[in-house]
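Numbering (the UniProt record's numbering), first residue to last: 1 to 152. Think of the CB as a built atom: it goes at the ideal place given N, C-alpha and C, for glycine as much as any other residue. Heads up: the structure comes next, in structure tokens.
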């Protein structure tokens, strides 16, 4: 009878060890499963990688577009500087042309004045003689009036 009880206890101990071993294996599997990412976690990681990739692609695209915009702006500024330079050259040519016209008009005016002087020299001499004669007559009249007033 006691051997029967011992066998029973041995079976219970064996059964308890088997249950404990099964629980230990289940805990180990659970720990392993916990270490492995779940399907949801893997999908989330893939989505995160995809979003990161899109973000990087978008950033590269934005940098390229920004660089193209800067290049267009530099090109526009170069064109504007070239146009401004051309306008300044045109203004300079206009100033030079105006200066040449003024100088030509001044030379023509001086030439006309010299021509008038050459042409009118005899007339001027006559006018000066007439003016001197007129002054002399005026002085003579003044002297006559003075003598006349003295004689009165």
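Inset, instruction - Following the continuous alpha helix (DSSP H) through residue 12, name the residue where it begins and the one where it ends. - result: Sequence index remark: in the chain shown, residue 12 carries index 12 (1-based). Note, residue 12: alpha helix (DSSP H), 2–35.
Inset, instruction - Throw me the rounded Cβ distance for the residue 26 and residue 37 pair, which I believe falls under 8 angstroms. - result: Against the chain shown, residue 26 aligns to sequence position 26. Against the chain shown, residue 37 aligns to sequence position 37. 20 angstroms between Cβ atoms; not a contact.
Inset, instruction - Using three-state DSSP, classify residue 148 as helix, strand or coil. - result: Position 148 of the chain shown, counting from 1, holds the residue named residue 148. Residue state, collapsed to three classes: helix.
Legend entry - residue 38 - DSSP class collapsed to helix/strand/coil: The sequence position of residue 38 within the chain shown is 38, counting from 1. Of the three classes helix, strand and coil, the one that applies to residue 38 here is coil, per DSSP.
Legend entry - Through-space distance from residue 92 to residue 121, alpha-carbon basis: Numbered from 1 along the chain shown, position 121 holds the residue referred to as residue 121. Numbered from 1 along the chain shown, position 92 holds the residue referred to as residue 92. Taken atom to atom, the span from the alpha-carbon of residue 121 to that of residue 92 is near 43 angstroms.
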